[in-house]
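Take a look at the structure set out below.
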Amino acid sequence: MVSKSSSVASIPNDPFNTRGRPSVRAGLDLKDRLTSNLTLDATLNPDFGQVEVDPAVLNLSAFETFFPEKRPFFVEGAQVFNFGGFSCNFCSNVEGMSAFYSRRIGRPPSGASLATDPNAFADVPDATTILAAGKITGRTGNGFTVGLLNAVTSEANARVETLDGARGKQEVEPLADYFVARLKRDYLRVGPVPDARTALDQIAGWFDDYNENHPHSGLRMRSPREFRRAHQPAEVSG
Numbered sequence: 014m015v016s017k018s019s020s021v022a023s024i025p026n027d028p029f030n031t032r033g034r035p036s037v038r039a040g041l042d043l044k045d046r047l048t049s050n051l052t053l054d055a056t057l058n059p060d061f062g063q064v065e066v067d068p069a070v071l072n073l074s075a076f077e078t079f080f081p082e083k084r085p086f087f088v089e090g091a092q093v094f095n096f097g098g099f100s101c102n103f104c105s106n107v108e109g110m111s112a113f114y115s116r117r118i119g120r121p122p123s124g125a126s127l128a129t130d131p132n133a134f135a136d137v138p139d140a141t142t143i144l145a146a147g148k149i150t151g152r153t154g155n156g157f158t159v160g161l162l163n164a165v166t167s168e169a170n171a172r173v174e175t176l177d178g179a180r181g182k183q184e185v186e187p188l189a190d191y192f193v194a195r196l197k198r199d200y201l202r203v204g205p206v207p208d209a210r211t212a213l214d215q216i217a218g219w220f221d222d223y224n225e226n227h228p229h230s231g232l233r234m235r236s237p238r239e240f241r242r243a244h245q246p247a248e249v250s251g
C-alpha cells in the first residue's frame, strides 16, 4: 500500500487544485521460478513513486523525448529485450537502434491537449495507470534466451471545466495492451580467456594461420604467402 501527495503551483481559481491532498492505492508484486532457468515476474496496480524523477526537458521538436528506464519491474531482465545495442566512447552523432522502449508503458496521456486546449481548466493525470503486467525471462537448456512481457494500462480521463462553467470528463488515453516477445539463440561458443603465457605461446600459430588460410580462403583471396609464391622470380639454374 502506497500513499502519495503532491503540492505544486496551480492556476488561480483552479477548481481541481487539491492542495496536496494525499491519495492511497494498494498493489501486489509476485515473483516465481517456473523452472530452474525461467522466472515469472508479475505486478498488479504497481506504484513507482520511489523512482527518481526525470529531469525537466523542453522539447520543441516533433519527436518524443527518450528517458532511461528506472522502474524496477522493467529494469530487471531488460537485457533480454535489448536489440541492436551500440556503444561508442568517442562518437557523438550515432546511437543504437531500440526495438522496444518500455517507457511508453504507463506514459503521460498522449491526448492531454484534448482536455487542456478547449477548456478553461483541466485536471489531466500525470501518467496512465498500469493495471497489471507480467513477464517471463530466462534461458532454456538448449541455448534459447526467452523473454515475454505483457502489460495492460487503463483508460485515462481528465476532469474538465468549460468556459461557461460546465464540468465533465474527457478521455485522454484509451485502454491499451502492450505485448513483446523475444527469442534468441547464441550459436557462437566462446571459450575461456587464456592467460598471458598461453596467449604468447599461441601467437606464432595465429600468424601462421592468418598468412596461410584465414580469412582469405573464405573471401576467395590469396593469403600473403600465396601472393609471395606467385610473384617470386623463377630461379635460373646455370
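So the sequence shown is residues 14 to 251, counted in this note's numbering. The beta carbon of each residue, even a glycine, is placed where N, CA and C say it ideally should be.
- With respect to Gly62, Thr150 sits apart: the two C-beta atoms are not nearer than 8 angstroms.
- With contacts defined by Cβ atoms closer than 8 angstroms, Phe86 and Ala128 do not form a contacting pair.
- The region 110-121 and the region 73-87 touch, with three or more beta-carbon pairs separated by less than 8 angstroms.
- With contacts defined by Cβ atoms closer than 8 angstroms, Val70 and Arg84 do not form a contacting pair.
- Residue pairing by DSSP places Gln183 opposite Ala171 in a beta bridge.
- Scanning the region 32-101 from its first residue to its last, the whole alpha helix (DSSP H) runs of 4-plus residues come out as 85-88.
- Taking Asp222 as reference, the option from Arg238, Arg210, Leu213 and Thr211 with the minimal CA-CA separation is Arg238.
- With three or more CB-CB distances shorter than 8 angstroms, the region 121-135 counts as touching the region 163-173.
- Pairing Leu144 with Leu43, the inter-Cα distance amounts to about 14 angstroms.
- Where Ala112 is concerned, there is no enclosing beta strand (DSSP E), because DSSP gives it neither an H nor an E.
- For Thr166, there is no enclosing alpha helix (DSSP H); the enclosing beta strand (DSSP E) covers residues Phe157 to Thr166.
- The Cβ atoms of Gly160 and Val93 sit closer than 8 angstroms to each other.
- Annotated three-state conformation of Asp222 is helix, per DSSP.
- Judged by DSSP secondary structure, Thr150 falls within the beta strand (DSSP E) whose first and last residues are Ile143 to Arg152.
- Our two residues, Pro121 and Pro138, have alpha carbons roughly 7 angstroms apart in a direct line.
- For Ala135, the uninterrupted beta strand (DSSP E) segment begins and ends at Phe134 to Asp136.
- For the set Gly119, Leu213 and Phe192, the Cα lying nearest the Cα of Asp60 is the one of Gly119.
- The Cβ-Cβ distance between Gly40 and Thr52 does not fall below 8 angstroms.
- Counting along the chain, the unbroken beta strand (DSSP E) around Leu196 starts and ends at Ala189 to Arg198.
- Taking a C-beta distance under 8 angstroms as the contact criterion, Thr141 and Ala164 do not qualify as a contact pair.
- Beyond the five residues adjoining it in sequence on each side, Gln183 comes within less than 6 angstroms, by CB distance, of Leu127, Ala128, Ala171 and Val173 in the same chain, given in chain order.
- Excluding residues up to 5 positions away in sequence, Asn163 lie with their Cβ nearer than 6 angstroms to the Cβ of Phe192 in the same chain.
- In this structure Thr211 is exposed. Its beta-carbon is surrounded by fewer than 16 other beta-carbon atoms within 10 angstroms.
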